[in-house]
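Chains P and U, in that order, are what the protein sequence lines are. The first sequence stops at residue 126 when you use the numbering used here, and every number in between is there. The second sequence stops at residue 175 when you use the numbering used here, and every number in between is there. Cβ atoms here follow ideal geometry from the backbone N, Cα and C, with glycine treated the same way. Read the structure below first, then the notes.
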Amino acid sequence: SQTIHQWPATLVQPVGSPLSLECTVEGTSNPNLYWYRQAAGRGLQLLFYSVGIGQISSEVPQNLSASRPQDRQFILSSKKLLLSDSGFYLCAWSTRGDRGQVWRKSNTIYFGEGSWLTVV
Amino acid sequence: DAKTTQPTSMDCAEGRAANLPCNHSTISGNEYVYWYRQIHSQGPQYIIHGLKNNETNEMASLIITEDRKSSTLILPHATLRDTAVYYCIVRVVGNYGQNFVFGPGTRLSVLP
């Protein structure tokens with residue numbers, strides 16, 4: 007079965023410090039990968055998605071970046087954190103469609119356990 | 064984007080069925096209805112999804128009206144561990160499913 011791992015679970019970082027959150031998926035190949043952020047009491051906001059190694063698309067301009075160095079590894083980074091970067095970060099994956107489609111409308115997204123980031 | 068409307072909160076007695084409604088009157092013919100839940104401080108958990116027909120799995124049942132403008136998620140025997148925020152989603156925007164839009168959801172409280 008497929009599993010998704012995300013770490014660290016909690017993180018307290020000072021303003022201006024770097025960030026690295028890592029996510030790996032097991033039990034599947036060539037997944038679509040996603041990073042979401044959830045502010046307190048809010049819905050999920052898509053930050054980045056990737057359909058393949060080295061292929062990253064950004065949904066929201068910000069001081070965060072993402073990388074996909076391996077098929078099942080997705081990393082969220084920042085060179086200098088802001089107070090507004092605090093929140094709950096979620097990695098997610100989905101299967102791809104048939105015949106080369108990157109998505110089918112019946113596909114399901116599965117989420118990791120999340121990482122709580124507090125910037126102080 | 065199709066929008067969903069869910070009650071803000073609901074209570075349910077432990078052991079009873081929990082019926083969570085969702086309105087999605089602007090749903091398109093080929094859009095699926097998804098349900099997720101999120102327990103505090105955890106990632107959303109997939110529950111079930113469907114297109115037209117009613118669906119059942121080990122977690123829940125999904126009842127979709129014939130006109131597909133609304134649906135109901137049924138937890139047949141709610142337990143205290145089912146206390147969570149439940150999200151109904153009917154729209155995936157874009158070619159890559161990147162905008163799985165989570166609204167505020169329904170906060171279900173299962174009471175002993």
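Practice task
Please classify His140 of chain U: is it buried, with 16 or more other beta-carbons within 10 angstroms of its beta-carbon, or exposed?
Solution key: By 1-based counting over the second sequence, the position of residue 140 of chain U is 77. His140 of chain U should be labelled exposed.
Practice task
List the endpoints of the continuous beta strand (DSSP E) containing Ser84 of chain P.
Solution key: Position 78 of the first sequence, counting from 1, holds the residue named residue 84 of chain P. Counting along the chain, the beta strand (DSSP E) containing Ser84 of chain P begins and ends at 79–84.
Handout entry: Ile54 of chain U and Val153 of chain U closer than 8 Å at C-beta
Key = Missing from the structure shown is residue 54 of chain U; chain U here goes from 64 to 175 and no further.
Problem - Within chain P, partners of Gly166 of chain U - CB distance below 8 Å - result: Counting from 1 along the second sequence, the entry for residue 166 of chain U is found at position 103. Against Gly166 of chain U, the close residues of chain P are Gly49, in the order they occur along the chain (beta-carbon pairs closer than 8 Å).
Practice task
Please decide whether Glu28 of chain P counts as near chain U, where near means a Cβ-Cβ distance under 8 Å.
Solution key: Here residue 28 of chain P corresponds to residue number 22 of the first sequence, with the count starting at 1. No, because no Cβ of chain U sits closer than 8 Å to the Cβ of Glu28 of chain P.
Problem - Whole-angstrom distance between Thr67 of chain U and Ile62 of chain P, CA atom to CA atom - result: As a working note, residue 62 of chain P is residue 56 in the first sequence. As a working note, residue 67 of chain U is residue 4 in the second sequence. So the alpha carbons of these two residues sit roughly 29 Å apart.
Practice task
Identify which residue in P:Leu50, P:Thr124, P:Ser83 has its Cα closest to the Cα of Ala98 of chain P.
Solution key: Position 92 of the first sequence, counting from 1, holds the residue named residue 98 of chain P. For the set P:Leu50, P:Thr124, P:Ser83, the Cα lying nearest the Cα of Ala98 of chain P is the one of P:Leu50.
Exercise for the section: May I have the straight-line CA-CA distance separating Ser92 of chain P from Gln8 of chain P, to the nearest angstrom? Expected result: Here residue 92 of chain P corresponds to residue number 86 of the first sequence, with the count starting at 1. Here residue 8 of chain P corresponds to residue number 2 of the first sequence, with the count starting at 1. Whole-angstrom Cα-Cα distance: 29 Å.
Exercise for the section: Determine, using beta carbons only, whether Gly106 of chain U comes closer than 8 Å to chain P. Expected result: Numbered from 1 along the second sequence, position 43 holds the residue referred to as residue 106 of chain U. Yes, Gly106 of chain U lies at the interface with chain P (some Cβ there is under 8 Å from its Cβ).
Practice task
Count the other C-beta atoms from every protein chain shown that fall within 10 angstroms of the C-beta of Gly33 of chain P, then say buried if there are 16 or more, exposed otherwise.
Solution key: As a first step, residue 33 of chain P must be located in the first sequence, where it is residue number 27. Counting every other CB atom within 10 Å of its CB across the protein chains shown gives Gly33 of chain P a total below 16, marking it as exposed.
Handout entry: Short Cβ contact (8 Å threshold) for Ile127 of chain U with Val96 of chain U
Key = Translated into positions along the second sequence, residue 127 of chain U becomes position 64. Translated into positions along the second sequence, residue 96 of chain U becomes position 33. Taking 8 Å as the Cβ cut-off, Ile127 of chain U and Val96 of chain U qualify as a contacting pair.
Handout entry: Cα-Cα separation between Ala46 of chain P and Phe94 of chain P, rounded to whole angstroms
Key = Sequence index remark: in the first sequence, residue 46 of chain P carries index 40 (1-based). Sequence index remark: in the first sequence, residue 94 of chain P carries index 88 (1-based). If I take the Cα positions, the gap works out to 8 Å.
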